[in-house]
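These notes are about the structure you will find just below.
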Ligand SMILES: Cc1ncc(C[n+]2csc(CCOP(=O)(O)OP(=O)(O)O)c2C)c(N)n1
Ligand SMILES: [Mg+2]
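In the UniProt record's numbering, the protein residues as written are 1 to 410.
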């Protein structure tokens, strides 16, 4: 054998950079309906393949096919459609509001609407999500007030969080939406801890953890999996793989694992991959995992395969690191278009009804925006009181804060 040469590091690179032709030939997409639906008490060893495939229900023709289909009625699907359209319209209005200086910051969901909207419909009241900034559909699909959401984005006098959180970092206990933390991956340990507490109290409520592809590189993600696996905590561990973590492509955090779902296998956690742009598939897989948790069968890990069509946030310019046309080349399509085609095929929807719904939804979002703006925006109108800064953290305010509050005269 020859002498070994000098060592070198392997640094994964995305397939294409700006100026190149988008290429997703590495994303292997099975036919819709091709992946089996195991019993919810299946032995994790027997369903390892599900971590390397993609569960899909809607085929290219818009039909719902295979063992994961058939769970939702026309009415439920139309409701899901409206939720996704509402989230998209909400995003578009808030993006403009940021450009107009009414808020400092905004984060969109463009292309990822099916995931949070469908997941919420599979949960029960009292269950708790530990979301990231890209799951506002959990609130929209649960009927949370858009006015309150906008007031939070504007940090105005009616902001439920009183200007203490970055815009889009909502919080609503009654809607099962734990306060968003900007520190990525903290959601995972908190969700598993909450789920363990629910089991210790012999309660019936389950938790859902949320994380992005990039954030799975954080140690909190791995620590959470240890606890979920050991104690069989009643938790659904969601990974939203939208291909990018700001300018870093998913291959960096995925590393040598074939898929993000495969991360769960080493922990003996049933791990599934699902088409994140297919409302029916997301709902079906969420339902499966939630039922497992509820029946005390333990955690399930779900990787949603999707694409972040918009910029990471209003502070980001994706043309610096990926081809401008990459989102057009994304092979799993657009979640709203796909559900629309399916509903039309079922005879439950039409182009005209879609246009009408778009107009109605835009009207309701604009009305909510007008109302929210009557309470102020970032630089105009009402603001939370400076006194609020001191409230709501300590049961008993420490002396140094009391002094500061006195100095501020509030
Ligand atoms: C602990 C921590 N590290 C870094 C950041 C800065 N940061 C904010 S979002 C982000 C990218 C996250 O990407 P991903 O997890 O894929 O989620 P996505 O934004 O794609 O939904 C980074 C690095 C942070 N907020 N917290
Ligand atoms: Mg990402």
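Here a beta-carbon is modelled for each residue, glycine too, at the ideal position from N, C-alpha and C.
Distances between the C-beta of residue 213 and the heavy atoms of ligand 1 include at least one below 7 angstroms. Here the distance from the Cβ of residue 129 to the nearest heavy atom of ligand 1 is not below 7 angstroms. In this structure, the straight-line span from the alpha carbon of residue 362 to that of residue 176 is close to 26 angstroms. Here the C-alpha atom of residue 234 lies approximately 40 angstroms from the C-alpha atom of residue 378. Cβ neighbours of residue 57 within its own chain (closer than 8 angstroms, five residues either side excluded): 32, 33, 64, 65, 66, 68, 69, 275, 278, 280, 281, 284. Per DSSP, the beta-bridge partners of residue 275 are 305.
Note on geometry: alpha-carbon atoms of residue 286 and residue 341 lie some 22 angstroms from one another. Taking the Cβ atoms as the reference, residue 224 lies roughly 7 angstroms from residue 209, within the contact range of under 8 angstroms. Two segments are said to touch when three or more pairs of C-beta atoms, one from each, lie closer than 8 angstroms; by this definition the segment 102-110 touches the segment 124-141. Beta-bridge annotation (DSSP): residue 5 is not paired with any residue. With respect to the C-alpha of residue 337, the residue from 6, 80, 95 having the closest C-alpha is 80. Fully enclosed beta strand (DSSP E) runs of no fewer than 3 residues occupy 235-241, 271-275 of the segment 230-300, in order along the chain.
Taking every protein chain shown into account, the CB of residue 200 has fewer than 16 other CB atoms within 10 angstroms, so this residue is exposed. Residue state for residue 202 is assigned as coil, using DSSP reduced to three classes. DSSP places residue 145 outside both helix and strand once states are collapsed to three, so it counts as coil.
Between residue 51 and residue 382, the gap from beta carbon to beta carbon reaches 8 angstroms or more. Excluding the 5 residues flanking it on each side, residue 105 has same chain C-beta neighbours closer than 8 angstroms at 98, 166, 167, 168, 313, 314, 315, in chain order. Taking each of 40, 318, 117 in turn and checking the Cα distance to residue 298, the smallest one comes out for 40. Here residue 113 is buried. Its C-beta has 16 or more other C-beta atoms within 10 Å. Contact between residue 155 and residue 163 is confirmed by a C-beta separation of about 4 angstroms, below the 8 angstroms threshold.
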